[in-house]
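Trainee: The structure's right below; bear with me while I get my questions together.
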Amino acid sequence: MKKTIHSRHGECVRKRLVALRGKAGLTQRQLAEKLGRERSLVGRLELGERRIDMVEFFWLCRACEADPVEEAKRLMREFEAVQTEFTG
Numbered sequence: 001m002k003k004t005i006h007s008r009h010g011e012c013v014r015k016r017l018v019a020l021r022g023k024a025g026l027t028q029r030q031l032a033e034k035l036g037r038e039r040s041l042v043g044r045l046e047l048g049e050r051r052i053d054m055v056e057f058f059w060l061c062r063a064c065e066a067d068p069v070e071e072a073k074r075l076m077r078e079f080e081a082v083q084t085e086f087t088g
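Okay, here's the thing in structure tokens:
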């Protein structure tokens with residue numbers, strides 16, 4: 001298994017995070033405040049400088065008032081589409 005942070009799959013996660021934050025109408029700073037974290041963390045996550053684990057993904061979804069289960073399903077569909085690109 002290769003490192004995931006700069007993979008197409010990682011890109012899907014980053015795009016989903018940016019979309020969630022945008023749909024919630026939150027700035028990076030506002031999302032960080034809701035999470036009780038520093039703004040730079042949100043920036044690093046969105047730039048792909050830091051990976052997001054499942055627990056963090058759950059918290060991020062909740063902070064953006066999104067359903068973590070539905071968002072995870074969306075991501076899994078995107079992962080499958082990316083995987084299909086590689087396997088034909």
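According to the numbering used here, the stretch in the sequence shown is residues 1 to 88, in order.
Think of the CB as a built atom: it goes at the ideal place given N, C-alpha and C, for glycine as much as any other residue.
For H6, does the three-state DSSP call read helix, strand or coil?
Mentor: coil
Trainee: Hey, A32 and E65 are a contact pair by Cβ (cut 8 Å); roughly how many whole angstroms apart?
Mentor: Wrong, their Cβ atoms sit about 16 Å apart, outside the cutoff.
Trainee: Which of helix, strand or coil does DSSP assign to R50?
Mentor: coil
Trainee: For L20, which residues from the same chain have a beta carbon less than 8 Å from its beta carbon, with the 5 sequence-adjacent residues on both sides left out?
Mentor: Same-chain partners within the cutoff: L60, C61, C64, A66 and E71.
Trainee: When DSSP labels each residue in this structure, what does E38 get in the three-state scheme?
Mentor: Looking at E38 - three-state DSSP - the assignment turns out to be coil, as it is neither helix nor strand.
Trainee: Whose CA, out of T84, E80, R8 and M76, lies closest to the CA of M54?
Mentor: Minimum Cα distance to M54 is reached at M76.
Trainee: Check the C-beta distance from P68 over to F57 and give it rounded, since I have them as a contact under 8 Å.
Mentor: 7 Å
Trainee: For my contact list, V42 and Q28 are in at a C-beta cut-off of 8 Å; report their separation, rounded to the angstrom.
Mentor: 4 Å
Trainee: When you compare only the Cα positions, how much space is there between R50 and K73?
Mentor: If you take the alpha carbons of R50 and K73, they lie about 22 Å apart.
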